[in-house]
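Chemist:
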Amino acid sequence: MSGTLAHRLWTILFYLFVAVIVIFAVFPFYYAIVTSFSTGTALFEVHYWPVTFDTSNYETVLGGRQFPRSIVNSVFIAATTVIFALFLAVTASYALSRVRFRGRGLLLMAILAVSMFPQIAVLAGMIEMIKFLGLFNTPWAMIISYTVFTLPFTVWVLTTFMRDLPVEIEEAAIVDGATPWIIITKVFLPLLWPALVTTGLLAFIGAWNEFLFALTFTLSEDQRTTPVAIAMLSGASVQEIPWGPIMAASVIVTVPLVVLVMIFQRKIVAGLTAGGVKG
Amino acid sequence: MAKIELKNIRKSYGAFDVIKGIDLEINSGEFMVFVGPSGCGKSTLLRLISGLEDITSGDMLFDGERVNNVVPSKRGIAMVFQSYALYPHMKVYDNMAFGMKLAKAGEDEIRKRVMDAAKLLQIDHLLDRLPKQLSGGQRQRVAIGRAIVRDPRVFLFDEPLSNLDAALRVATRLEIAKLHHSMNNVTMIYVTHDQVEAMTLADRICVLRDGKVEQVGTPAELYEKPNSIFVAGFIGSPKMNFLTGSFAAAHGCHTLGIRSEHIDVSNEGALWTGTVVHAEDLGSDNYLFVDIGSDEPVIVRRPGKLTIPQGTRIGLVPAADKLHRFNEAGRPIEG
Chain A
246 MSGTLAHRLW
256 TILFYLFVAV
266 IVIFAVFPFY
276 YAIVTSFSTG
286 TALFEVHYWP
296 VTFDTSNYET
306 VLGGRQFPRS
316 IVNSVFIAAT
326 TVIFALFLAV
336 TASYALSRVR
346 FRGRGLLLMA
356 ILAVSMFPQI
366 AVLAGMIEMI
376 KFLGLFNTPW
386 AMIISYTVFT
396 LPFTVWVLTT
406 FMRDLPVEIE
416 EAAIVDGATP
426 WIIITKVFLP
436 LLWPALVTTG
446 LLAFIGAWNE
456 FLFALTFTLS
466 EDQRTTPVAI
476 AMLSGASVQE
486 IPWGPIMAAS
496 VIVTVPLVVL
506 VMIFQRKIVA
516 GLTAGGVKG
Chain B
2 MAKIELKNIR
12 KSYGAFDVIK
22 GIDLEINSGE
32 FMVFVGPSGC
42 GKSTLLRLIS
52 GLEDITSGDM
62 LFDGERVNNV
72 VPSKRGIAMV
82 FQSYALYPHM
92 KVYDNMAFGM
102 KLAKAGEDEI
112 RKRVMDAAKL
122 LQIDHLLDRL
132 PKQLSGGQRQ
142 RVAIGRAIVR
152 DPRVFLFDEP
162 LSNLDAALRV
172 ATRLEIAKLH
182 HSMNNVTMIY
192 VTHDQVEAMT
202 LADRICVLRD
212 GKVEQVGTPA
222 ELYEKPNSIF
232 VAGFIGSPKM
242 NFLTGSFAAA
252 HGCHTLGIRS
262 EHIDVSNEGA
272 LWTGTVVHAE
282 DLGSDNYLFV
292 DIGSDEPVIV
302 RRPGKLTIPQ
312 GTRIGLVPAA
322 DKLHRFNEAG
332 RPIEG
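First to last, the protein sequences are chains A and B.
Residue numbering for the first sequence follows our numbering, starting at 246 and increasing by one per position.
Residue numbering for the second sequence follows our numbering, starting at 2 and increasing by one per position.
1) Is the region 221–237 of chain B in contact with the region 50–66 of chain B, if contact means three or more CB pairs nearer than 8 Å?
2) Need the endpoints of the beta strand (DSSP E) that B:N328 sits in, please.
3) Which value, in whole angstroms, describes the spacing of the CA atoms of B:L209 and B:G42?
4) In the DSSP assignment, find the beta strand (DSSP E) that holds B:P161 and state where it starts and stops.
5) So which residues on chain A does B:L53 lean against when the C-beta distance must stay under 9 Å?
6) Using 8 Å as the Cβ pair cut-off and three pairs as the minimum, do the region 398–409 of chain A and the region 326–343 of chain A touch?
7) Hey, B:A199 and B:H325 are a contact pair by Cβ (cut 8 Å); roughly how many whole angstroms apart?
8) Give the C-beta separation of A:T588 and A:L368 to the nearest angstrom, bearing in mind that I take them to be a contact with Cβ-Cβ under 8 Å.
9) Give a yes or no on whether 8 Å exceeds the smallest Cβ distance from B:I5 to chain A.
10) Is the beta carbon of B:G1 less than 8 Å from the beta carbon of B:G275?
11) For A:T280, does the three-state DSSP call read helix, strand or coil?
12) Going by alpha carbons, who is nearest to B:L47 out of B:E335, B:C207, B:V93?
13) Quick check on A:V432 - is its C-beta less than 8 Å from some C-beta in chain B?
14) As a quick exercise: from B:S39, B:V214, B:G107, pick the residue whose alpha carbon is nearest that of B:H194.
15) Provide the residue span of the alpha helix (DSSP H) that contains A:A340, from first to last.
16) Using DSSP with H/G/I as helix, E/B as strand and the rest coil, what is B:L49?
17) In three-state terms, what does DSSP make of A:L353?
18) Taking CB distances under 8 Å as the criterion, tell me whether B:I20 reaches chain A.
19) Three-state secondary structure (DSSP) at A:L261?
20) Threshold first: 3 residues or longer. Then list the beta strand (DSSP E) segments lying entirely within the region 42–122 of chain B, N to C.
21) Excluding five sequence neighbours on each side, which residues of the same chain lie with their C-beta closer than 7 Å to the C-beta of B:K102?
22) Output the distance between the C-alpha atoms of B:P161 and B:R130, rounded to the nearest integer angstrom.
23) Looking at the C-beta of B:A16, does it have a partner C-beta in chain A at a distance below 8 Å?
24) Checking contacts by CB at 8 Å: is B:F99 closer than that to chain A?
25) Helix, strand or coil for B:M33 per DSSP?
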């Protein structure tokens with residue numbers, strides 16, 4: 246009897262612990278949603294349950310000219326970054342995992358080293374380069390810098406993943422007459438795609454959320470990405486912080502990410518389990 | 002169908018020599034088996050023939066034409082790998098058709114060839130499946146089918162049976178032998194470390210050791226006239242008995258070899274006597290391990306069920322004409 250009692254106690258404690266973690270992780274976002282549906286003085290009262298359902302904050306944010314524009318900018322920049330990063334990473338990781346050449350280990354380490362620099366340390370150099378290339382205040386400034394920062398991670402993940410693919414499959418393709426390009430696109434890519442989805446998603450999230458470069462490399466309102474646009478939301482006076490619209494905007498930019506993760510999470514799991522089959 | 006000639010082929014990785022000068026001719030339509038212990042270079046040699054590895058020095062000729070720098074897909078070879086190496090995301094049909102699609106063959110031609118190969122291997126009902134839905138034996142058939150579709154001059158097999166369980170291995174071995182007969186004598190080169198596979202499949206066997214050819218010959222030649230202790234010990238199961246010291250000296254050699262089935266148990270005219278220290282009953286045969294005072298017990302293979310209990314003292318009569326005498330260098334002494 247005492248055994249089952251202790252067991253039950255542990256189960257209860259376990260779920261309590263899980264509940265605490267979930268609340269800790271989800272509550273800020275939940276509170277943002279609650280706040281985004283409140284207006285006026287209700288904003289400054291503490292409500293744990295939604296008491297009003299007022300969509301005027303959303304109307305304010307989406308009705309303005311700049312915020313919808315910044316969403317378009319963000320989608321374009323994040324999507325292009327993902328495409329660039331995956332293309333470069335797949336071809337690079339094929340070489341790094343499969344082609345024997347002098348200095349391969351050194352090159353891998355150098356790539357990893359790139360990700361060690363804090364953004365702020367390279368900011369001054371980056372802005373000089375962006376200006377030199379004539380990309381200042383264009384989406385390409387962000388696309389290039391995000392690609393540079395996401396590539397080390399993407400290359401490393403894909404290199405380790407590709408290294409684990411059986412060499413014999415590649416050799417069978419060589420005997421079948423496949424060129425390296427055919428091997429990458431027709432043989433490896435379909436096998437790699439769980440890894441591609443994971444790294445692509447993380448690259449997308451990174452690009453979508455980035456603030457410092459986006460703030461530095463843009464000047465005009467119509468070039469801003471959403472994080473910058475949210476930070477720049479201002480009220481009627483300097484003293485007033487428009488919490489309602491800010492929360493509404495935050496919810497709007499978070500939802501696409503949640504949806505993306507939800508869609509791909511299932512595919513990632515399915516892909517990983519299906520991939521565990523011997524050649 | 003191609004005659005393959007290897008002329009002083011060498012392969013090194015940096016300072017490490019793997020293949021140390023091999024001269025070999027493989028006749029058109031022949032089933033040649035490379036056999037040897039692990040690390041002897043047999044797989045490397047196969048990969049040199051396939052073109053997956055570059056030759057360091059020497060010449061490789063296919064039908065008299067030098068192919069040293071010809072890429073694998075242009076050599077007219079097909080290869081069956083140990084791990085099958087099927088494309089996991091492609092259906093069986095696409096696996097078999099991939100090479101021909103890359104060669105830009107016509108759709109009808111591809112379909113016909115794939116269907117013919119599938120029927121030959123009895124996998125035509127599996128064409129819509131993915132490799133992961135197949136058993137090990139079926140996967141290996143698909144891998145062989147993929148090789149057949151390419152209609153190669155030379156088939157290369159790299160230990161194709163070592164991932165299969167024992168029963169399936171015997172069945173697939175038979176399939177490969179049948180395939181060789183049915184395919185108008187296509188040249189096949191087969192790598193294995195299993196001397197039973199080598200003995201049962203080969204027209205000729207090439208025993209490799211430490212990057213060099215130890216002996217080339219028909220299975221019977223290798224079994225009856227091994228030209229070194231190494232080959233004598235490697236071919237045949239159970240292993241040939243080797244006696245040294247006074248046992249060998251009595252026959253005027255350094256090492257005396259005798260196969261287990263060439264020894265009779267009899268007290269009359271017994272050359273050696275000893276105690277049975279261990280016995281194995283295989284049903285059709287039984288093996289006696291007899292301690293006659295040599296370094297290792299002598300194994301005697303007798304037909305039928307085990308009749309002599311352990312601990313019995315028995316006399317052994319080796320067949321005089323089946324004795325193998327070797328000198329100090331491990332080479333046979335003639336006469």
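Positions of the beta carbon are idealized from the N, C-alpha and C atoms, including for glycine.
Please read all numbers here as calculations on a predicted model, not as lab measurements.
Modeler: Inspection of the coordinates gives the following:
1) No, the region 221–237 of chain B does not touch the region 50–66 of chain B.
2) The continuous stretches of beta strand (DSSP E) do not include B:N328, and DSSP gives it neither H nor E.
3) A direct Cα-to-Cα measurement between B:L209 and B:G42 gives close to 7 Å.
4) Premise fails: B:P161 is in no beta strand (DSSP E) and is neither H nor E.
5) Those within 9 Å of B:L53 in chain A are E416, I419, V420.
6) Enough Cβ pairs lie closer than 8 Å, so yes.
7) No, B:A199 and B:H325 are not in contact; Cβ-Cβ is about 19 Å, not under 8 Å.
8) With chain A covering only 246 through 524, there is no way to say anything about residue 588 of chain A.
9) No, its Cβ sits nowhere closer than 8 Å to a Cβ of chain A.
10) Lying before the first or after the last residue shown, residue 1 of chain B is absent from chain B, which here runs from 2 to 336.
11) The DSSP-derived three-state label of A:T280 is helix.
12) Nearest C-alpha to B:L47: B:C207.
13) A:V432 has a beta carbon lying within less than 8 Å of a beta carbon in chain B.
14) Nearest option by C-alpha distance: B:S39.
15) For A:A340, the enclosing alpha helix (DSSP H) begins and ends at 311–343.
16) In the structure shown, B:L49 sits in a helix (DSSP, three-state: H, G or I).
17) DSSP places A:L353 in helix when its eight states are reduced to three.
18) Output row for B:I20: interface = no.
19) If DSSP states are grouped into helix, strand and coil, A:L261 belongs with the helices.
20) Taken in chain order, the unbroken stretches of beta strand (DSSP E) that lie wholly in the region 42–122 of chain B and span 3 residues or more are 58–63, 78–81.
21) Closer than 7 Å at Cβ, skipping near neighbours: I111.
22) Those two C-alpha atoms are separated by around 21 Å.
23) Not closer than 8 Å to any Cβ of chain A, the Cβ of B:A16 fails to qualify, so no.
24) Answer yes: the Cβ-Cβ gap between B:F99 and chain A drops below 8 Å somewhere.
25) DSSP places B:M33 in the strand class (E or B) of the three-state scheme.
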